[in-house]
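According to the UniProt record's numbering, the residues represented by the sequence shown are 1 to 121, in order.
Just so you know, even glycine gets a beta-carbon here, dropped at the ideal spot from N, CA and C.
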Amino acid sequence: MPPKKKSTKPTSTLPEVEAVTIYRLIFTASARGDVGEISDVSTRAAVLKRVAGLNTEPTRQGKALGDDLKGLRSVRAAGQRYRVLYRVFEEAGRVVIVVVGIRQEGSKKDVYKVASKRLGT
């Protein structure tokens, strides 16, 4: 009996892989100070974990802000209480963290009011 011919077809195919850009995370000095002011260690860790997640696809996360904060994005952190406001520089592959703070609507310490003040808008 003649030997069987080996198949020339590949036995398995590799799945298509989409390239993912890893963004460099940069804190402004004031944002670094914001994180340092979070006294609860577990809350600070939760906020930093959320920030770390921004290194991939930051424009698909959170929401784009408007009005005087146009160009910034906001994500929730630490059980919805904190907000991380950041700007994405796609060409440079960087995410700049601008403000980290608590959402306190009506308060002068509200994270969005702090951001407006820092940006001079």
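Pairwise C-alpha distance: residue j and residue i
i: Tyr-82; j: Pro-58; result: 17 Å
i: residue 122; j: Glu-16; result: Residue 122 is absent from the structure shown; the chain starts at 1 and stops at 121.
i: Val-51; j: Leu-119; result: 20 Å
i: Thr-28; j: Thr-13; result: 45 Å
i: Ser-30; j: Glu-18; result: 35 Å
i: Asp-67; j: Ile-97; result: 19 Å
i: Pro-75; j: Arg-24; result: The residue you asked about is not Pro; residue 75 is Val in the sequence shown. Near 17 Å, if we compare the C-alpha coordinates of Arg-24 and Val-75.
i: Gly-36; j: Ala-78; result: 15 Å
Per-residue DSSP class, three states only, for residue i
i: Ser-116; result: helix
i: Thr-21; result: coil
i: Ala-46; result: helix
Residue(s) in a DSSP beta bridge with residue i
i: Val-51; result: DSSP lists no partner for Val-51.
**Asked** Do the segment 56-70 and the segment 79-97 make contact, defined as three or more Cβ pairs closer than 8 Å?
**Response** yes
**Asked** Curious, which full-length beta strand (DSSP E) runs of at least 3 residues does the segment 37-112 contain?
**Response** 73-77, 82-89 and 94-102
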